[in-house]
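Residue numbers 47 to 123, in my numbering, belong to the letters of the sequence shown in order.
Everything below concerns the one structure shown next.
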Amino acid sequence: MPELTYATQRPIDKTYAKALQLINSRTDFAWKHLKDGEHGEVVRLVRQIRDVSIKFLDSLEQAPARKTRNGVRHKAR
């Protein structure tokens with residue numbers, strides 16, 4: 047499986063990088079257990095990936111809202 051790389055225009059926030067790292071490592075473990083026929087472990091890992099992904103996507107949606115004060119968007123400093 048080819049390794050994915052992310053090209054961004056600005057640095058990824060530590061929380062996002064940590065989430066991506068966790069998703070990637072859990073995906074690698076899931077593939078290993080799937081090849082070994084350990085389906086119960088694969089299900090557990092896929093659920094972890096789902097939970098982290100949902101939290102990650104929620105944080106992306108909330109990030110623009112954090113940059114507003116009193117309903118007015120301000121320029122980033």
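By construction, the Cβ of each residue, glycine as well, lies at the ideal position given by its N, Cα and C atoms.
Quantities reported herein were computed from a predicted structural model and do not represent experimental measurements.
Nearest neighbour of residue i, chosen from the options [CA to CA]
| i | options | result |
| --- | --- | --- |
| residue 71 | 62, 91 and 85 | 91 |
Rounded separation between residue i and residue j - CA only
| i | j | result |
| --- | --- | --- |
| residue 48 | residue 108 | With a pLDDT of 49 at residue 48, under the threshold of 50, the predicted position of this residue should be treated as unreliable, and no value is reported. |
| residue 81 | residue 106 | 33 Å |
| residue 79 | residue 59 | 30 Å |
| residue 83 | residue 95 | 19 Å |
| residue 100 | residue 85 | 22 Å |
| residue 104 | residue 75 | 24 Å |
| residue 68 | residue 98 | 8 Å |
Cβ-based burial, residue i [other Cβ within 10 Å; buried from 16]
| i | result |
| --- | --- |
| residue 63 | exposed |
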